[in-house]
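Numbering (UniProt numbering), first residue to last: 1 to 147. A virtual CB, placed ideally from N, CA and C, is assigned to each residue, including glycine. Only one structure is covered here, and it is reproduced in the block below.
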């Protein structure tokens, strides 16, 4: 017999595209990575760098959106940074969490926290979708022609 996932649990497991886009462009996202495609994979880490007030100050995020982010983070065992916490202390926990995940899962990739469809939409919307892959393809083509 197959159990179904409650609708509320499914809603909390993924972040909506609109909110993901705001987080990927947020003030602390550059601390995680310069590449937009990498930022998408580390949305939980990016979100955890922000305080509630910082998120409320982001254009396009209101009280309900921030509550949605908090529920999403709680679902994935994370939380927003507290006002009295430094960015450094939050960043230091990234390494420990990653080492723990790698140890338990045999170096598994970060868990998907955004639906694949929304991930593609965010990347296309940011204008980075396929850019890096295209550059790699162009380099390979040039190398094969010169050799």
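Using DSSP with H/G/I as helix, E/B as strand and the rest coil, what is residue i?
i: residue 125; result: helix
i: residue 17; result: helix
i: residue 116; result: helix
i: residue 38; result: helix
i: residue 30; result: helix
i: residue 58; result: coil
i: residue 83; result: coil
i: residue 49; result: coil
i: residue 93; result: helix
i: residue 68; result: helix
i: residue 63; result: helix
Thinking C-alpha only, which one of the options is nearest residue i?
i: residue 42; options: 81, 85 and 20; result: 20
i: residue 54; options: 16, 18 and 82; result: 82
i: residue 56; options: 22, 113 and 37; result: 22
i: residue 14; options: 74, 33 and 88; result: 74
i: residue 46; options: 58, 52 and 26; result: 26
i: residue 119; options: 12, 39, 85 and 33; result: 39
i: residue 29; options: 76, 87 and 72; result: 87
i: residue 12; options: 80, 116, 71 and 117; result: 71
i: residue 61; options: 122, 16, 121 and 125; result: 16
i: residue 52; options: 33, 34, 80 and 59; result: 80
Report yes if the C-beta distance between residue i and residue j is below 8 Å; otherwise report no.
i: residue 78; j: residue 44; result: yes
i: residue 49; j: residue 31; result: yes
i: residue 113; j: residue 76; result: yes
Practice prompt. Kindly confirm or deny that the region 83-94 and the region 55-73 touch, where touching means at least three C-beta pairs closer than 8 Å.
Written response: no
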